Amino acid sequence: MHRSIAAIVLLCLFGCTTTPEPREELPVPDTPEEVGPAGWTGYYSGSTADEEVSLWVRPDSMFILQRKDVGLDSVPAGTIGRWHTTENEIELSTRTYVFEVYKADDRGTLQQVDVEGSSGGPVLERLADAIGDAVPRMRVSGTYVLVANAQSFKPCDADHAWPCVGGMDLGEEEGEAVNGFSNEDLLNAYRKAVAKDGDPWEVEVICTLGLGPAMEGEGVDEYLFIGSIIGEIQSCMASGPHEKHGPLAYGVRG
């Protein structure tokens, strides 16, 4: 028997003492920017013998990039930021970095390029125009904080934080939950790690983004669901994902 994401959120809302506060509303364009051979929004994926890459380009100007080293990673590393376009190129930027740049061909496929215009990495095929409500699991480093009974998680170099909750809906096997990590486990780990509520806790987590019931009124909000804690990080400045793929990175914003 499988539980929905909404059910997980409701259990946490009524069974826990915390109430995530909605994140700051971001402007969403009425229609995606139509630049290039087929517009830019959608889901892209590609692979080489060494790595697998997935890219979600959302109409709210946000991107989610996942990279997995074949044979080394069981869960891909995730980066969240903003995208911009210039002619036939799409630029993926975090708050402080122009993270990666991809060039589109006439068929709408993408390939990463560096400042010299040289290409590298897998070719990303456009697999879908629409983007689903939930994103597959990924490893993300960031800052978790509990303030006034509201939980939030801000990925490193992101421009805002998401309301978050511990636990992910991975279903059951033979009556046992596949993922036993709960919101109570998250709160206990946080309070063991910091001196008091409100202190920031910089950690690497396995998480996903998905929709749940709105905290106020009707509708839905986007949550960051934390499925497990990998461990503490030294700081967001020391754990930036740009370091791993430095040869194709563009560098610090001016």
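Per my numbering: the sequence shown = residues 441 to 694.
Note that beta-carbon positions come from the ideal geometry of N, C-alpha and C, so glycine has one too.
Bear in mind the structure is a predicted one, so any value in this text is a computation, not a measurement.
Unbroken beta strand (DSSP E) runs of length 3 or more, entirely within the region 571-657: which are they? 578-587, 590-595, 602-606, 641-653
Mind checking whether C676 and C596 have CB atoms under 7 Å apart? Here residue 676 is taken as the residue at index 236 of the sequence shown, counted from 1. Here residue 596 is taken as the residue at index 156 of the sequence shown, counted from 1. Yes; because the gap between Cβ atoms is below 7 Å, this pair is in contact.
Buried or exposed for I670, going by 16 or more other Cβ atoms inside 10 Å? As a working note, residue 670 is residue 230 in the sequence shown. Exposed: under 16 other Cβ atoms inside 10 Å.
Using a threshold of 7 Å, state whether the C-beta atoms of I493 and R577 are closer than that. Counting from 1 along the sequence shown, the entry for residue 493 is found at position 53. Counting from 1 along the sequence shown, the entry for residue 577 is found at position 137. Checking the sequence, you will find Val at residue 493 rather than Ile. The answer is no: Cβ separation not under 7 Å.
Mind reading off the beta-carbon distance from I666 to C647? Whole number of angstroms is fine, and I expect it under 8 Å. Mapped onto the sequence shown, residue 666 falls at position 226. Mapped onto the sequence shown, residue 647 falls at position 207. With a Cβ gap of about 5 Å, I666 and C647 count as contacting.
Please determine if the region 556-570 and the region 620-633 are in contact, where contact requires at least 3 C-beta pairs separated by less than 8 Å. no
Can you tell me where the beta strand (DSSP E) holding D509 begins and where it ends? Residue 509 sits at position 69 when you count from the first residue of the sequence shown. From DSSP, the beta strand (DSSP E) with D509 extends over 502-509.
Here's a check: name, in chain order, each residue in its chain whose Cβ is nearer than 8 Å to the Cβ of S559, leaving out the five neighbours to either side. Taking the first residue of the sequence shown as position 1, residue 559 is located at position 119. Closer than 8 Å at Cβ, skipping near neighbours: K543, Q551, Q552, V553.
Are E644 and S592 close, meaning C-beta to C-beta below 7 Å? Position 204 of the sequence shown, counted from the first residue, corresponds to residue 644. Position 152 of the sequence shown, counted from the first residue, corresponds to residue 592. Against a cut-off of 7 Å, the Cβ pair of S592 and E644 comes out as no contact.
Would you please state the rounded distance, in angstroms, between the beta carbons of I504 and V575? I believe it to be under 8 Å. Translated into positions along the sequence shown, residue 504 becomes position 64. Translated into positions along the sequence shown, residue 575 becomes position 135. That pair is a contact at about 6 Å.
Using CA coordinates, which residue listed in G511, W480, Q506 is at the minimum distance from D546? In the sequence shown, counting from the first residue as 1, residue 546 sits at position 106. Cα-wise, what sits closest to D546 is W480.
Measure the C-alpha to C-alpha separation of G657 and T488 and round it to an integer number of angstroms. Here residue 657 refers to the residue found at position 217 of the sequence shown. Here residue 488 refers to the residue found at position 48 of the sequence shown. Each residue's alpha carbon lies about 46 Å from the other.
Could you spell out where the beta strand (DSSP E) holding A544 opens and where it closes? For the purposes of this step, residue 544 is identified with residue 104 of the sequence shown, where counting begins at 1. That run of the beta strand (DSSP E) goes 537-544.
Given V692, which residues of its chain have a CB within under 7 Å of its CB, disregarding the five upstream and five downstream residues? As a first step, residue 692 must be located in the sequence shown, where it is residue number 252. Any answer about V692 is weak, because its pLDDT of 35 lies below 50 and its placement is not dependable; what the coordinates show is given next. Taken in chain order, the residues that qualify are T536, Y537.
Can G486 and P562 be called in contact, C-beta distance under 7 Å? For this step, residue 486 is matched to residue 46 along the sequence shown. For this step, residue 562 is matched to residue 122 along the sequence shown. Yes, the Cβ-Cβ distance between G486 and P562 is below 7 Å.
First and last residue of the uninterrupted beta strand (DSSP E) at T549: Translated into the one-based positions of the sequence shown, residue 549 becomes position 109. Segment: none, T549 is in no beta strand (DSSP E) and carries neither H nor E.
Does the Cβ of T534 have 16 or more other Cβ atoms within 10 Å, making it buried, or fewer, making it exposed? Taking the first residue of the sequence shown as position 1, residue 534 is located at position 94. Flag for T534 reads buried.
K632 burial status per 10 Å Cβ neighbour count (16 or more: buried): In the sequence shown, the residue the question calls residue 632 occupies position 192. Exposed, by the Cβ-count rule.
Where A399 falls, given that 16 or more other Cβ within 10 Å makes a residue buried: Outside the shown range of the chain, which is 441 to 694, sits residue 399, and nothing can be said about it.
Give the range of the beta strand (DSSP E) segment to which T525 is assigned. Start at 1 with the first residue of the sequence shown, and residue 525 comes out as number 85. Here the beta strand (DSSP E) through T525 covers 517-526.
What does the Cβ neighbour count give for P460, buried or exposed, with the cut at 16 atoms within 10 Å? Locating residue 460 in the sequence shown gives position 20, counting from the first residue. Below a pLDDT of 50, predicted positions are generally treated as unreliable, and P460, at 48, falls in that range; no measurement from the model is reported.
Measuring straight from C-alpha to C-alpha, what distance separates E527 and V541? For the purposes of this step, residue 527 is taken as the residue at position 87 of the sequence shown. For the purposes of this step, residue 541 is taken as the residue at position 101 of the sequence shown. Approximately 12 Å, taken between the alpha carbons.
If you count every other CB in all the chains shown that lies within 10 Å of the CB of L512, and 16 or more means buried, which is it? As a position in the sequence shown, residue 512 is number 72, starting the count at 1. That one is exposed.
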